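In the working numbering, the protein residues as written are 3 to 323.
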């Protein structure tokens, strides 16, 4: 190949190496080679035309499009939104923005919407634009009263959704998990509470996130659980949806805690026509994957790194079968 290069070829390659590999400016290349700046420009064009220089652009949007297709196919999802966050950006804010955009498409006149709570749901709520609808109801899917200083942001989330869609809001003014199953059952017999729970189990659109089964997660720090229960959940669960902790198979991880939990069950959630899961981050990836395998979502909003992990795990699992 060397013998096939003429002097202009060789000089154009030298110019290209200095400009593209070494980061020299065209003026610096000109000084180094002892030529003028216009000559450097011509040499770079010559190097490109001869195929000595190839430029590759890594567009994360193209990777996201590929992941969207794979996720939709593997988990029979109606829609998937995958976010990419630039350096210095906020992954949570991007999830919130994408989730809000999807919901603005899904929520129509007469829609009943069920909501969970947490940081991700709050981010979605904060990105909703005001788009009044007729006859929309917003229902809290699980109790959100905290026994500690940590806030679930349940009231803010509910009110923000209600304001955005000019909707009627139904707050569930209870803790997520009671101290005993008997206390929970007694409260659920209240007519008003029973009506809200029934509405939640009957919504047409359920919007929820997942929590991790780690000690620093929000659900672990609201005063609901004893130290022993936290350890049992950490040992057996991969995460939670609506405070329902589940294991790697998607089954209830701690039946005693589940019996004290107020709100929609996983079984009822799975029957809702439209189920929008908004979640991302390394700590939640495994829980998201299990939730998808369990069929808890019809729509997914997640980040690119999490989407890639889930696709890889799904591929590994299919090869083992």
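Quick reminder that beta carbons are idealized off the backbone N, C-alpha and C, glycines included.
All values derive from a computational prediction rather than experimental measurement.
Could you please give me the residues that DSSP links to residue i through a beta bridge?
i           : result
residue 225 : Its beta-bridge partners do not exist; DSSP assigns none.
residue 142 : 117
residue 55  : According to DSSP, which records beta bridges pairwise, residue 55 is partnered with nothing at all.
residue 195 : DSSP lists no partner for residue 195.
Among the candidates the options, whose CA atom is the shortest distance from the CA of residue i?
i           : options            : result
residue 247 : 273, 134, 292, 225 : 292
residue 235 : 27, 181, 75, 257   : 257
residue 140 : 239, 165, 124, 266 : 165
residue 253 : 222, 281, 228, 294 : 294
residue 180 : 240, 288, 221, 24  : 221
residue 161 : 223, 66, 87, 127   : 127
residue 218 : 232, 209, 208      : 232
residue 174 : 167, 148, 240, 103 : 148
residue 52  : 18, 322, 110       : 18
residue 303 : 131, 209, 321, 203 : 209
residue 81  : 90, 100, 93, 132   : 100
residue 105 : 135, 184, 170      : 135
residue 54  : 107, 22, 37        : 22
residue 249 : 266, 215, 273      : 215
residue 191 : 238, 264, 151      : 264
Leaving out five residues before and five after residue i in sequence, what residues of the same chain have Cβ atoms less than 6 Å from its Cβ?
i           : result
residue 206 : 113, 114, 275
residue 290 : 212, 281
residue 14  : 45, 48, 49
residue 77  : 294
Using the Cβ count rule (16 or more neighbours within 10 Å means buried), how would you classify residue i?
i           : result
residue 40  : exposed
residue 12  : exposed
residue 305 : buried
residue 177 : buried
residue 129 : buried
residue 124 : buried
residue 155 : buried
residue 269 : exposed
residue 228 : exposed
residue 75  : exposed
residue 245 : buried
Spatial neighbours of residue i within its chain, please: C-beta separation below 7 Å, excluding the five flanking residues on both sides.
i           : result
residue 309 : 69, 73, 84
residue 159 : 117, 119, 123, 124, 127
Within the same chain, show all residues whose beta-carbon is closer than 8 Å to that of residue i, passing over the 5 residues directly before and after it, in chain order.
i          : result
residue 20 : 26, 30, 31, 34, 35
> In the segment 217-281, which residue ranges form an unbroken alpha helix (DSSP H) of at least 4 residues, counting only runs that do not cross its ends?
Replying inline: Here the runs fully enclosed are 229-238, 257-260, 268-271.
> Fully enclosed by the segment 67-92, which alpha helix (DSSP H) runs are 4 residues long or longer?
Replying inline: With a minimum length of 4 residues, there is no unbroken run of alpha helix (DSSP H) contained wholly in the segment 67-92.
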